[in-house]
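As structure tokens, the structure follows; a few thoughts come after it.
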Amino acid sequence: NVIGGRGNQYNLVPCWQVGMNTGTPSMRTYEAMAEKLVKGEADDAGRSLGPDDAIFYQVTPVYKDETSTIPVGVTMIATIERANGLSEQLFPNVYVTNTLENTGTLNLGN
Numbered sequence: 343n344v345i346g347g348r349g350n351q352y353n354l355v356p357c358w359q360v361g362m363n364t365g366t367p368s369m370r371t372y373e374a375m376a377e378k379l380v381k382g383e384a385d386d387a388g389r390s391l392g393p394d395d396a397i398f399y400q401v402t403p404v405y406k407d408e409t410s411t412i413p414v415g416v417t418m419i420a421t422i423e424r425a426n427g428l429s430e431q432l433f434p435n436v437y438v439t440n441t442l443e444n445t446g447t448l449n450l451g452n
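Going by this note's numbering, the first residue of the sequence shown is number 343, and it counts up by one from there.
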């Protein structure tokens, strides 16, 4: 577990394993970008983390309406926070649907 949360009930939402969580594109696609930097590797753009740099990584569930209990998708964002106070976006506000195998059908959200 390199960049995941604590896995408690406040940090989890129901989702398709193959679709929203794995496959391409999926949450894993973007998590892998951050994980590469955390592990000390340079990303495809040649960026790397210094010893005092950090990544601000946030995933926010998107619900159909206020009565929904299962999200229709999530938005994800990651920013590299440099020790010198500068920041750069690792990936922008991306949306990943909660559908089976990224087909756009069988959305698990309610």
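Idealized CB from N, CA, C, for every residue including glycine.
Can you say whether residue i is buried or exposed, counting buried as having 16 or more other CB atoms within 10 angstroms of its CB?
i: TYR437; result: exposed
i: PRO367; result: exposed
i: ASN449; result: buried
i: LEU432; result: buried
i: ASN440; result: buried
When the Cα of residue i is compared with those of the options, which residue comes out closest?
i: GLY392; options: SER429, ASN444, LEU450; result: SER429
i: PRO434; options: GLY365, VAL416, GLN351; result: VAL416
i: GLY406; options: GLY451, VAL355, ASN350; result: The amino acid occupying residue 406 in the given sequence is Lys; Gly does not appear at that position. Out of GLY451, VAL355, ASN350, GLY451 has the C-alpha closest to the C-alpha of LYS406.
i: ASN444; options: GLU383, ILE397, THR371; result: THR371
i: THR402; options: VAL355, ARG348, GLY382; result: VAL355
i: LEU442; options: THR364, VAL404, LYS381; result: THR364
Does residue i come out as helix, strand or coil in the three-state DSSP assignment?
i: MET369; result: helix
i: MET362; result: coil
i: LEU432; result: strand
How about residue i: is its C-beta nearer than 7 Å to some C-beta of chain D?
i: GLN431; result: Within the model displayed, chain D is absent; a lone protein chain is all it includes.
Is residue i near the ligand COA - that is, is its Cβ less than 6 Å away from at least one heavy atom of it?
i: GLY361; result: In terms of ligand content, the structure shown is empty, and the ligand COA therefore cannot be addressed.
Worksheet item: Enumerated in chain order, which unbroken segments of the beta strand (DSSP E) with a length of 3 residues or greater are wholly contained in the segment 380–413?
Response: The segment 380–413 contains these whole beta strand (DSSP E) runs: 396–404.
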